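Take a look at the structure below.
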Amino acid sequence: MRVGAVCALRALALLSACTGQPESSKTSAEEPAAAELKAVIFEDVKPLFSKTDAGYEGFGVDVLEQVRMQSGRSEVTYQVASSITDGIDAVATGKADIACGVAFTWGRASQLSYSLPFGVGGTRLLT
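Quick note on numbering: UniProt numbering labels position 98 of the sequence shown as 98, and the sequence is numbered without any gaps.
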């Protein structure tokens with residue numbers, strides 16, 4: 001259980017983002033209305049995500065809300081991924097804009113753009 005929690009915290013230490021760049025030729029009059037931010041999450045990975053009757057809550061939800069506000073999106077919609085591979089595939093194929101909680105590896109970095117870590121976790125042993 002503790003190992004799983006530690007792995008989950010490490011996995012959730014990075015915010016992975018891979019969004020399309022807007023065309024430089026568009027003018028503000030041609031811009032469509034603010035779209036939703038489609039976010040891949042890994043359900044019930046506390047403290048980042050926890051399912052409630054009203055939706056989701058947690059640190060990851062707060063971070064995604066800040067990303068939404070700063071990117072001018074209208075709302076965040078959550079897509080639950082059953083595995084890291086499924087989450088990465090959703091971002092890589094454009095089904096999602098962002099994945100929250102994907103740990104950095106060099107292999108993944110060749111497919112995705114990573115942000116700076118927004119949380120660092122881990123177990124420490126002092127003797």
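Heads up, the beta-carbon is just placed ideally off N, CA and C, and yes, glycines get one too.
All values reported here derive from a predicted model rather than from experimental measurement.
Distance from the Cα of Ile-41 is smallest, within the candidate group Ala-96, Phe-104, Gln-70, Ser-115, for Ala-96. Residues of the same chain with a CB within less than 6 Å of the CB of Arg-68, apart from the 5 flanking positions on each side, are Leu-37, Val-76 in chain order.
Boundaries of the beta strand (DSSP E) harbouring Ser-50: 50 to 52, taken from the DSSP string. A direct Cα-to-Cα measurement between Leu-116 and Leu-64 gives close to 14 Å. Only buried fits Ala-81, as 16 or more other CB atoms lie within 10 angstroms of its CB. A Cβ-Cβ contact shorter than 8 Å links Ile-88 with Ala-99. The Cβ atoms of Gly-58 and Leu-48 lie closer than 8 Å to each other. When the beta-carbon positions are compared, Ala-39 and Gln-79 come within less than 8 Å of each other. Under the DSSP assignment, Glu-57 falls in the beta strand (DSSP E) whose first and last residues are 55 to 57. Uninterrupted alpha helix (DSSP H) stretches at least 4 residues long and entirely within the region 76 to 125 occur at 84 to 92, 106 to 109, given in chain order. Using a Cβ distance threshold of 8 Å, Gln-111 and Ala-90 do not count as a contacting pair. Tyr-114 and Leu-126 have their alpha carbons spaced roughly 31 Å apart.
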